[in-house]
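Residue numbering for the sequence shown follows this note's numbering, starting at 2 and increasing by one per position.
Don't be surprised by glycine CBs; every beta carbon is placed ideally from N, CA and C.
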Amino acid sequence: MHIDVLTLFPEMFEGVLQSSILKRAQEQSAFSYQYVNFRDYTENKHNKVDDYPYGGGAGLVLTPQPIFDAVEHVQQQRASKPRVILLSPQGSTFTQQKAEELAEEDHLIFICGHYEGYDERIRQHLVTDELSIGDYVLTGGELGAMVMMDAVIRLLPGVLGNDQSASLDSFSNGLLEHPHYTRPADFRGWTVPDVLRSGNHAKIDEWRHYQSVKRTFERRSDLLLNRSLTEQENEWLQKLENHKHDLDDG
Ligand code: 9D3
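Set out below in structure tokens:
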């Protein structure tokens, strides 16, 4: 996979891309990336990338010409058709499903603005996906692009070791993770559940599965709606639902 990042602030990305798993992924040639400063593609005297909005109002709008030219330039460097991703608070919310979809592509282009609007023709005639990372306001698209790059790159073949395989993720199996414990068995009088120290792996698996269902029910019951349930899971959920009603009257 190759990723082109259109940004006026490439230094924001370096700590993320040059550390830990994303750094190793580049060393393994799982992906490559390049920054594209779209100011370099301006055709006006002062290298302006934005301008006042037609119709008036506050703020500036990113002008289409440098962004179209930068995208078309990097497109011509590759054989396959890229996904052109616009980072914007108005986009659809990025999800694990979207990460899995983007991980299948050969070429991604991220367009990051910085507290500016985009000329609508960029959306209409250049972009394939307009994405947000959630309902809060950032100063620019760069953090959004980093979040998406991180989520996509870890899914590429060979990036995660076998023992941290992406297929075991929360969200991939539709349940939140069960609680984890390590040594000591007693920390300040707070002890590790006996079952985890029993050596009975069938019991341990069942305990973990129940804890995952319970945690998902308590914290993210919305996730249970998008997932088919086993008979065992339905039985547990029925019990959890009844307990909830028990507590209603204090
Ligand atoms: C044209 C009106 N805008 C400026 C006053 C609204 C606005 C544009 C761009 C507000 C914030 C931003 C910067 N944010 C992003 O570019 C962004 C973002 C976000 O703010 N939240 C969640 N996901 C994303 S992805 C890109």
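Exposure of residue i, with buried meaning 16 or more beta-carbon neighbours within 10 Å
i	result
residue 226	exposed
residue 119	buried
residue 143	buried
residue 188	exposed
residue 215	buried
residue 5	buried
residue 42	buried
residue 234	buried
residue 83	buried
residue 138	exposed
residue 67	buried
Supposed contact pair residue j and residue i - C-beta distance, whole angstroms, cut 8 Å
i	j	result
residue 7	residue 39	5 Å
residue 63	residue 131	Wrong, their Cβ atoms sit about 14 Å apart, outside the cutoff.
residue 70	residue 2	At roughly 23 Å, the Cβ-Cβ gap does not stay under 8 Å, so residue 70 and residue 2 are not in contact.
residue 26	residue 157	7 Å
residue 218	residue 241	5 Å
residue 116	residue 94	The pair is not a contact, with the Cβ atoms about 20 Å apart (cut-off 8 Å).
residue 200	residue 133	No, residue 200 and residue 133 are not in contact; Cβ-Cβ is about 47 Å, not under 8 Å.
residue 29	residue 159	6 Å
residue 193	residue 186	5 Å
Reduced DSSP category for residue i - H, G, I as helix; E, B as strand; rest coil
i	result
residue 224	helix
residue 1	Lying before the first or after the last residue shown, residue 1 is absent from the chain, which here runs from 2 to 251.
residue 107	coil
residue 18	helix
residue 115	coil
residue 6	strand
residue 213	helix
residue 127	coil
residue 230	coil
Kindly provide the ranges of any beta strand (DSSP E) runs that are 3 or more residues long and lie completely inside the region 25-99, ordered along the chain.
33-37 and 84-94
What are the complete alpha helix (DSSP H) segments, minimum 4 residues, inside the region 130-211?
143-154
Validate contact between the region 104-120 and the region 73-88 using beta carbons, cut 8 Å, 3 pairs:
yes
Between the region 135-150 and the region 13-31, do three or more beta carbon pairs fall short of 8 Å?
yes
Touch check for the region 149-162 and the region 121-131: three-plus C-beta pairs under 8 Å?
no
Measuring CB atoms only, is the region 175-191 touching the region 201-218, in the sense that at least three cross pairs come out at less than 8 Å?
yes
Sufficient close CB pairs (3 or more, under 8 Å) joining the region 97-105 to the region 43-57
no
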